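Peer 1: Just so it is clear: in the sequence shown, position 86 is 200 by this note's numbering, and no numbers are missing. Backbone N, C-alpha and C fix where the C-beta goes; we use that ideal spot for every residue, glycine too. Just so we're clear, the structure is a prediction, and the values are computed from it rather than from any experiment.
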Amino acid sequence: MTSYKELGLVNTKELFKKAVSGGYALPAYNFNNMEQMQSIIQACVETKSPVILQVSSGARKYANQNILKNMARGAVEYAHELGYDIPIVLHLDHGDSFELCKDCIETGFSSVMIDGSHLSYDENVALTKKVCEFAHSQKDYVTVEGELGVLAGVEDDVSSEHSHYTQPSEVIDFVGKTKVDSLAISIGTSHGRAKFKPEQCTRDANGILIPPPLRFDILEEIEKKIPGFPIVLHGSSSVPIEYVHMIEKYGGKLTDSVGIPEEQLRKAAKSAVCKINIDSDGRLAMTALVRKVLVEKPDEFDPRKWLGPARDELKKLYSHKNQNVLGSAGQA
Ligand code: G3H
Ligand code: 13P
Ligand code: ZN
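1) Flag this pair as yes or no: are the beta carbons of T316 and N125 separated by less than 8 Å?
2) Less than 8 Å between the beta carbons of L241 and F212, yes or no?
3) Write down the C-beta distance between S231 and V264 rounded to the nearest angstrom, noting that I regard them as a contact closer than 8 Å.
4) Pull the bridge partners of Q168 from the DSSP assignment, please.
5) Any idea which residues DSSP pairs S225 with across the strands?
6) Should H250 be counted as a contact of the ligand G3H given a C-beta to heavy atom distance under 7 Å?
7) When the Cβ atoms of the stretch 375-392 are set against those of the stretch 409-416, are three or more pairs found closer than 8 Å?
8) Going by the C-beta, is I166 closer than 7 Å to any heavy atom of the ligand 13P?
9) To the nearest angstrom, how far is it from the Cα of L206 to the Cα of V409?
10) May I have a chain-ordered list of the alpha helix (DSSP H) segments no shorter than 4 residues that lie completely inside the stretch 277-352?
11) In angstroms, rounded to a whole number, what distance separates the CA positions of I200 and F330?
12) Is I392 a contact residue of the ligand 13P, with contact defined as CB to any heavy atom under 7 Å?
13) Could you give the residue range of the beta strand (DSSP E) that holds V387?
14) So, does the CB of D229 fall closer than 8 Å to a CB anywhere in chain E?
15) Report the partner residues of A266 according to the DSSP bridge assignment.
16) Looking at C-alpha atoms only, which residue of G396, K216, T221 is the closest neighbour of L123?
17) Out of curiosity, what's the CA-to-CA distance linking R397 and P341?
18) How is the alpha helix (DSSP H) around A240 delimited, first residue to last?
19) Enumerate in chain order the residues of its own chain whose CB-to-CB distance from V272 is below 6 Å, with the five nearest sequence positions on each side excluded.
20) Determine the direct distance from the alpha carbon of P375 to that of S352, and round the result to whole angstroms.
21) Rounded to whole angstroms, what's the CA-CA distance from W420 to V239? Just pull it up for me.
22) Let me know the secondary structure DSSP gives V97 once reduced to three states.
23) Would you decide whether A386 is buried or exposed? Buried here means 16 or more other CB atoms lie within 10 Å of its CB.
24) Since T407 sits in a beta bridge, which residues does DSSP pair it with?
What follows is the structure, given as structure tokens:
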């Protein structure tokens, strides 16, 4: 049993309070390997941004939970070595059972998500409440994110063909009964690099897909019901077309890619949305650079020579998000 405080980590409680009142959102970046972790920390130290390091069940299976936990400890020390101590949260992304959340809490995670969004409302309430009771009763309070509404697309082992927007009429009851610390909602975002079907979009003069706008009306209704309560947006990658083009130029094929435009995320970050989840954009940046280097230098076989440029690009991407989209730069 390790407490996150022993690892130098923090929970989301104070960070969310500051983010909601300051009108910005914390970056929640997924990581599975050392290069992703290093680039996240480099970017967040340089931009003086707090950060949430997210681990999905897929990441746990890929990299091993203990290794990831020790990488988070390493991330704290790395930030210190880079010259600026930023608040770092280690968060379970899309936990799907009480046992998984408990295991992560006992391993040293400072925050967990219990995603009961695929269950009936009453089952979601019961499961989320159970996780909150356990997390909140730890010697060091662990924060819990719940979810109401279903995002279209794939969420780890949970998949859904269609999205169901969060119903504002349910949020007061859900938050009151479960005692969650933050709430993920569905207002039109979805996971992955193809967030909308082409028939849901329009096209610009260059044939690039333009997605339908997020349902800010639903977000506003939710904010009226639970003023100042921390809201989370999943599926918030912008899917930069430059990376899609680079991947395709160097042999990839990513048909019908479309993400959430940055101006919509900037607007969301100024509201009660205080955590914005981004994974796919990092995957795109990394893949684009790896493909480029391997195609341009066919004799290269030292992984550092293609992972290094990918790591540099990731750092640029995360710095840009913190400074120009989320507004978290300068808040650490
Ligand atoms: O929400 C999903 C995240 O992008 C994690 O994806 O399950 O492939 O690690 P993953
Ligand atoms: P993206 O697929 O849009 O990056 O969303 C990631 C996410 O929501 C992780 O929980
Ligand atoms: Zn998600």
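Peer 2: By the coordinates alone:
1) Start at 1 with the first residue of the sequence shown, and residue 316 comes out as number 202. Start at 1 with the first residue of the sequence shown, and residue 125 comes out as number 11. The answer is no: Cβ separation not under 8 Å.
2) Counting from one through the sequence shown, the residue named residue 241 turns up at place 127. Counting from one through the sequence shown, the residue named residue 212 turns up at place 98. Cβ distance < 8 Å, so L241 and F212 count as in contact.
3) For the purposes of this step, residue 231 is taken as residue 117 along the sequence shown, with counting starting at 1. For the purposes of this step, residue 264 is taken as residue 150 along the sequence shown, with counting starting at 1. Contact flag correct, Cβ pair sits at about 5 Å.
4) Taking the sequence shown and counting its residues from 1, the one referred to as residue 168 is at position 54. DSSP lists N144, H205 as partners of Q168.
5) Locating residue 225 in the sequence shown gives position 111, where the first residue counts as 1. H205, T257.
6) In the sequence shown, counting from the first residue as 1, residue 250 sits at position 136. Flag unset: Cβ of H250 not near the ligand G3H.
7) no
8) On the sequence shown, residue 166 is found 52 positions in, with the first residue counted as 1. Because no heavy atom of the ligand 13P lies under 7 Å away, the Cβ of I166 does not count as near it: no.
9) Taking the first residue of the sequence shown as position 1, residue 206 is located at position 92. Taking the first residue of the sequence shown as position 1, residue 409 is located at position 295. Cα to Cα, L206 sits roughly 36 Å from V409.
10) 282-292, 330-339
11) Within the sequence shown, the letter at position 86 stands for residue 200. Within the sequence shown, the letter at position 216 stands for residue 330. If you take the alpha carbons of I200 and F330, they lie about 31 Å apart.
12) Within the sequence shown, residue 392 is the residue found at index 278, counting from 1. For the ligand 13P, at least one heavy atom lies less than 7 Å from the Cβ of I392.
13) For the purposes of this step, residue 387 is taken as the residue at position 273 of the sequence shown. Here the beta strand (DSSP E) through V387 covers 387-392.
14) Protein chain content of the structure displayed is limited to a single chain, and chain E is not contained in it.
15) As a first step, residue 266 is located in the sequence shown; it is residue number 152 there, counting from the start. Paired residues: S304.
16) Looking up residue 123 in the sequence shown gives position 9. It is T221 whose Cα lies nearest to the Cα of L123.
17) Indexing the sequence shown from 1 puts residue 397 at position 283. Indexing the sequence shown from 1 puts residue 341 at position 227. Computed Cα separation, rounded: 34 Å.
18) Locating residue 240 in the sequence shown gives position 126, counting from the first residue. Its alpha helix (DSSP H) spans residues 235-250.
19) Sequence index remark: in the sequence shown, residue 272 carries index 158 (1-based). With a pLDDT of 43 at V272, under the threshold of 50, the predicted position of this residue should be treated as unreliable, and no value is reported.
20) Your numbering for residue 352 matches position 238 in the sequence shown. Your numbering for residue 375 matches position 261 in the sequence shown. Those two C-alpha atoms are separated by around 5 Å.
21) What you label residue 420 is simply residue 306 of the sequence shown in a count that begins at 1. What you label residue 239 is simply residue 125 of the sequence shown in a count that begins at 1. Answer to the nearest angstrom: the Cα atoms are 46 Å apart.
22) Only positions 115 to 446 of the chain appear in the structure, and residue 97 is not among them; the question remains open.
23) Residue mapping note: residue 386 aligns to position 272 of the sequence shown, counting from 1. With 16 or more Cβ atoms within 10 Å of its Cβ, A386 is classed as buried.
24) For this step, residue 407 is matched to residue 293 along the sequence shown. Note on identity: in this sequence residue 407 is Val, with Thr being the wrong assignment. None; V407 has no bridge partner.
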